[in-house]
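See structure below.
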Ligand code: NAP
């Protein structure tokens, strides 16, 4: 059966760049999106136009039933060989005193619990202990996990800090089961995520503080993700690649 790479949140930004790069390298790619059906299907068409194969599925990673359905759909495509836990959200910039419980739940359920549930489903399929043939997981964390994001979104940063700790633990838990678990920590990357929390010019505004004096591209993050999943990274587990220009 052919091998499949699953990328959550592939309809735009870093996820879409990873879909394109993996498909160009000949991988069969499945990706999820939450709302952007047209963008997701346009990406599948774009990939098909250069001779690649990508399949889009609507699945909210904050919903366990959506995740279970997503993995069942992927099972029909082939053998799961890799998971990129990329789907993530940040909400409007504010201080902790103005964050309500519903917001905290949305952020943690999407960025951390959703990633943990997707990883659980991937481990069930890939673990050699459970009859699988191994694979890789890359969690898309953030430089925010190191910086804390005070006054902006400490909830987002904390959810990514949790994702870092989860990466360390799971990597060691499944180290003898043929699964390598690692993470990337993007810095200031040019994507639409900054619009969603009300600061569309954040990268331009802050890039002067980056040692390399520029924001990064989604493609630069995708390269690191796919390297961690590749055989070239065969001795790397519980590693973090900071794709942040030194920030
Ligand atoms: P983006 O442009 O906002 O794209 C987010 C993607 O995730 C979209 O495909 C979106 O689907 C999907 N998504 C969001 N919530 C989802 C949910 N509940 N269920 C399923 N899919 C969902 O974001 P990005 O900048 O590419 O960020 C990708 C990852 O990198 C995130 O984890 C983010 O925290 C991390 N990151 C980004 C930066 C940066 O500067 N851009 C820096 C550090 C870390 P729809 O299109 O359907 O909404």
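Residue numbers (our numbering): 283 to 529.
C-beta: ideal position from N, C-alpha, C; glycine also.
Quick caveat: nothing in here was measured; it's all calculated off a predicted structure.
Cβ neighbours of residue i in the same chain (closer than 6 Å, five flanking residues each side left out)
i: residue 394; result: 441, 444 and 445
i: residue 293; result: 315, 318, 321 and 322
i: residue 326; result: 336 and 338
i: residue 524; result: 467
i: residue 385; result: 373
i: residue 510; result: 420 and 464
Check: residue i C-beta below 7 Å from any heavy atom of the ligand NAP
i: residue 317; result: yes
i: residue 395; result: no
i: residue 523; result: no
i: residue 402; result: no
i: residue 470; result: yes
i: residue 473; result: yes
i: residue 428; result: no
i: residue 306; result: no
i: residue 342; result: yes
i: residue 462; result: no
i: residue 294; result: yes
i: residue 368; result: yes
i: residue 392; result: yes
i: residue 528; result: no
i: residue 349; result: no
i: residue 449; result: no
i: residue 425; result: yes
i: residue 439; result: no
i: residue 297; result: yes
i: residue 291; result: yes
i: residue 422; result: yes
i: residue 312; result: no
i: residue 371; result: yes
i: residue 478; result: yes
i: residue 324; result: no
i: residue 384; result: no
i: residue 500; result: yes
i: residue 321; result: yes
Beta-carbon spacing of residue i, residue j below 8 Å
i: residue 501; j: residue 288; result: no
i: residue 572; j: residue 362; result: With the chain covering 283 to 529 only, the question about residue 572 has no answer from this structure.
i: residue 389; j: residue 290; result: no
i: residue 447; j: residue 464; result: no
i: residue 310; j: residue 285; result: yes
i: residue 454; j: residue 520; result: yes
i: residue 479; j: residue 374; result: yes
i: residue 283; j: residue 364; result: no
i: residue 414; j: residue 462; result: no
i: residue 451; j: residue 410; result: no
i: residue 498; j: residue 527; result: yes
Neighbour flag for residue i against chain D, beta carbons, 8 Å
i: residue 354; result: Looking for chain D here will not work: only one protein chain is present.
Sequence-distant residues of the same chain with beta carbon closer than 8 Å to residue i, five excluded per side
i: residue 308; result: 334
i: residue 508; result: 300, 303, 304 and 307
i: residue 402; result: none
i: residue 476; result: 482, 483, 484 and 485
i: residue 357; result: 407
Cβ neighbours of residue i in the same chain (closer than 7 Å, five flanking residues each side left out)
i: residue 296; result: 368, 422, 468, 471, 473, 500, 503 and 504
i: residue 392; result: 343, 344, 369, 370 and 371
i: residue 400; result: 290, 343, 349, 365 and 367
i: residue 518; result: 462, 464 and 510
heavy atom of the ligand NAD below 7 Å from residue i C-beta
i: residue 506; result: With respect to small molecules bound, the structure shown includes the ligand NAP and not the ligand NAD.
* If we count Cβ pairs, one from each stretch, closer than 8 Å, do we get three or more for the region 365 to 374 versus the region 421 to 439? -> Yes, the region 365 to 374 touches the region 421 to 439.
* Asked: Are there three or more Cβ pairs, one per stretch, closer than 8 Å when the region 486 to 495 is compared with the region 455 to 470?
  -> Yes, since at least three Cβ pairs between the region 486 to 495 and the region 455 to 470 fall closer than 8 Å, the two stretches touch.
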